[in-house]
Amino acid sequence: MNNNYNDTLFHRPNIRGCQDMIFDAVTHHHVQQIYSNIDKQGLTEKLEAQIARSWERCVQSYRIDPEAPRKPLIIEHAELTDHRERIDELLGDFAKEEMAQLYQRIVGSGYSVILTNSDGIIVNYVGDPTLTEYFNRSGLLPGAIWTEEKEGTNGIGTCLYEKSPVIVCREEHFRTSHTILTCSAAPIFDAQGDLLAVLDVSSTSAQDSRESHRHTAALVNISARQIENFGFIRQCQHHWILHFHPKSYYIGHVTEGLLAIDEAGHVIAANQNAVHYFNKNRTEFIGKNISELFTTSLTLLMTYTNRQPNGLQLVYDAQHGHPYHTQLQFPKRRSVPSTSIQRIPTTQMPLCMTLEALAGKDPSMAFNVRYAQKVMNKNIPILLQGETGTGKEALAKAIHEASQRRHKSFVALNCAAIPESLIESELFGYKHGAFTGARREGMRGKILQSHGGTLFLDEIGDMPLTLQTRLLRVLEEKEVLPLGSEVPIAIDLTVVSATHHNLPRLIAEGAFREDLYYRLNGITLTLPSLRERTDIDSLIHCALAAENTENEAIEIEAEAFELLASYNWPGNIRQLRNVIRTALALQTGNLVTRHDLPPEITCRPLLSLRTSLIDVADMSNTVPHSSITTPAVSRVQPPSTTDIPDLDSAEKNVILQTLEHHRWNITNTAVSLKMSRNTLYRKMKKHAIALSSL
Ligand SMILES: Nc1ncnc2c1ncn2[C@@H]1O[C@H](COP(=O)(O)OP(=O)(O)OP(=O)(O)O)[C@@H](O)[C@H]1O
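If you're matching positions, the sequence shown starts at 1 in the UniProt record's numbering and goes up one per residue.
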């Protein structure tokens, strides 16, 4: 670090102009301020605590030279588009509208309004068009990175670090090149309390002082809270949302408390105001039932809201008895996801496929889920082992959705499904012009897309050895170098990988790197095959709910359910899902019957049948598995020898059932039974099955 700046600045030959001299003197004073503060020499004016802490970090942790010339760091356009999409997904258009309104309030004062994501990347910018050039030169433009590590003390970066509002006025910036700026920034948190974005207002006016910026800072703070509340409602729109405030007229206002509540009445998310009102750590009330926090219950709130949709209900805080006015907002119906990112928000995931529900009643799945819950927030890589179609990807998604990374992307790469030559660019991405045929704007690889979230490497056993080496380096160094680029990009992600191969055997054969295996295998969870599972009933319920995409009021005959449940499934869950998907497509009159099931399932003796109907639509709402109302099932026992029909009548039965299944269409029946039409006619004649019997 530059500790002998006195000598370098003041003993230079006087060959430059007066302006340069003044600039040097100002710079010298600024640098002197910084170092005397760090050295605690007491030479400086009183410094805000946030600024003092940040200067110390800049010197001691980031080792930045305040005088070093610096060009703004700008990310590629494709990457910026990705970051924008992610922010839009969580905040919608409201952030842009609020920024435009904030800008209107301060227009004419030479300010620009800036939104960054949690990585300090400017994703949106509104400013006076005549000053754009000026701000661009200062590096305040879309795609620029303004973390403290890169730019030293500054509104955005310091706010990201401090997670609280900051003002950074002119010489309080660490880098001398930024001392023309005055910035007010406020953090925006997501529904889980994680930092999501920073809203910042910056100016380049020499008249600005910390005092004159206080009013702007207050406006920025209010807008940040507005965006946060709107984002909360958007992120939790499929749950019950309780708005509350001690004063009735503040319901809907920026200071209201917001709680998202699940169907059982448990609090699953809270905004910053709610944390403030409860005056507790978030973890102390998330997961509690609403009736433990207020003198009410979800049922009471719902009943009241049904009677008076816009009415406010007065309740009391269960601990201190403080009065609160409340308004309950009903969950919004689910809609199809609008983004191309392979991220499955909890709200779109069938409830029976959440991590908790996947534990089900099968002991090995319950074991897997328990272990996943223990390690998922500790950056421990998880390796999922199991036959194909056993639900490895479903488990990986459920882990992501239950983890603290759920608001970031879940990105899957099937290493076996793409040609070896493409895996590299798919995984690491490339810079524009990296190779012939590359997209002009470059491409962000899966690793960068999953930054902050989860990277799911499916069929990892099929990854070529050369790429295993590169992947290992990325995971060890936590940096990725896109093809054609010389600048590594820092990444923060958790890896879940899956394979049906026996990796130790591949290692012994020299086809898999041992060091990568240990890097990926923080913990191995082995999924049971379908034939080993003891929770087939639950799997059928879940598959019916998940495949009933129209969410229609469809019922399944108990006999059909029994046939499905008692079938000795040779394949995997995917086969079960296919059978159910076809049955739902074939059914008529919103009733699934045995005729909608394939012959290999129906052409078996069945001893006990249930007579009731099961409502398929209900299944999508009745989860977890333990709460699915399974009708009194008399599980099919192995038939006694007297029950076993002779071969001839078994063949007749199969033919009759297949004919029925295909509505007596001879061609389709013959195809299904894998015999020619002639053979089918012959066999029908033998068993006296006449078409006239229709
Ligand atoms: N508990 C479950 N209930 C219902 N459906 C499930 C369940 N688990 C997985 N599935 C479904 O089974 C199918 C196969 O699951 P998935 O793709 O996760 O398996 P996989 O082991 O990753 O397969 P592969 O090895 O072929 O990649 C998917 O349609 C998935 O939605």
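Even glycine gets a Cβ: it sits at the ideal position worked out from N, Cα and C.
Given the structure is predicted, the values throughout are model-derived calculations rather than measurements.
In this model, Met99 and His77 are separated by some 22 Å (Cα to Cα).
Fully enclosed alpha helix (DSSP H) runs of no fewer than 4 residues occupy 465-477 of the region 449-485, in order along the chain.
Fewer than three beta-carbon pairs drawn from the region 533-551 and the region 493-508 are found closer than 8 Å, and the two stretches are therefore not classed as touching.
Looking at the DSSP output, Arg444 shares a beta bridge with Gly429. In this structure, Leu673 lies near Ile655, with their beta-carbon atoms less than 9 Å apart. In the displayed model, Pro69 falls within coil according to three-state DSSP, outside both helix and strand. No Cβ-Cβ contact shorter than 9 Å links Ala185 with Cys169. Straight across, the Cα-Cα distance linking Glu459 with Val411 is about 14 Å. In the structure shown, the three-state DSSP call for Leu242 is strand.
When DSSP states are grouped into helix, strand and coil, Tyr161 belongs to the helix group. When DSSP states are grouped into helix, strand and coil, Cys236 belongs to the coil group. About 18 Å separates the Cβ atoms of Ile51 and Val201, ruling out a contact at the 8 Å cut-off. If you check the CB distance, Ile399 and Met376 come in under 9 Å. Residue burial annotation: Gln308 is exposed, with fewer than 16 other C-beta atoms found within 10 angstroms of its C-beta.
Collapsing the DSSP output to three states places Gln313 in a strand. In this structure the region 26-39 touches the region 56-69; the number of beta carbon pairs closer than 8 Å is three or more. Listed in chain order, the non-local C-beta contacts of Ile290 below 8 Å within the same chain comprise Leu242, Leu259, Ile261, Gly265, His266, Val267, Thr296, Ser297, Leu298, Leu301, local neighbours out to five positions each way being set aside. Beta bridge pairing from DSSP links Cys169 with Thr182. Around the beta-carbon of Glu476, fewer than 16 other beta-carbon atoms lie within 10 Å, marking it exposed. The region 228-241 and the region 138-146 do not touch, with fewer than three beta-carbon pairs separated by less than 8 Å. Within the model, the alpha-carbon separation for His29 versus Glu172 is close to 12 Å. With at least 16 other beta carbons inside 10 angstroms of its own, Asn154 counts as buried.
Taking a C-beta distance under 9 Å as the contact criterion, Leu383 and Thr524 qualify as a contact pair. Judged by DSSP in its simplified three-state form, Ile251 adopts coil rather than helix or strand. Placement of the Cβ of Ala218 at a distance of 8 Å or more from every heavy atom of ligand 1 is found.
Per DSSP, Thr326 is one residue of the beta strand (DSSP E) stretching across 323-329. The Cβ-Cβ distance between Arg531 and Leu563 does not fall below 9 Å. 9 Å or more divides the Cβ of His661 from the Cβ of Pro570. For Val31, the three-state secondary structure derived from DSSP is helix. For Tyr371, the secondary structure class from DSSP, reduced to helix, strand or coil, is helix. As computed with DSSP, Ile145 is found in a beta bridge with Ile121. With 16 or more other Cβ atoms inside 10 Å of its own Cβ, Leu520 counts as buried.
By the 16-neighbour rule on beta-carbons within 10 angstroms, Asn273 is buried.
Residue side-chain check: Met353 places its Cβ nearer than 8 Å to a non-hydrogen atom of ligand 1. Boundaries of the beta strand (DSSP E) harbouring Val411: 410-414, taken from the DSSP string. When DSSP states are grouped into helix, strand and coil, Thr81 belongs to the helix group.
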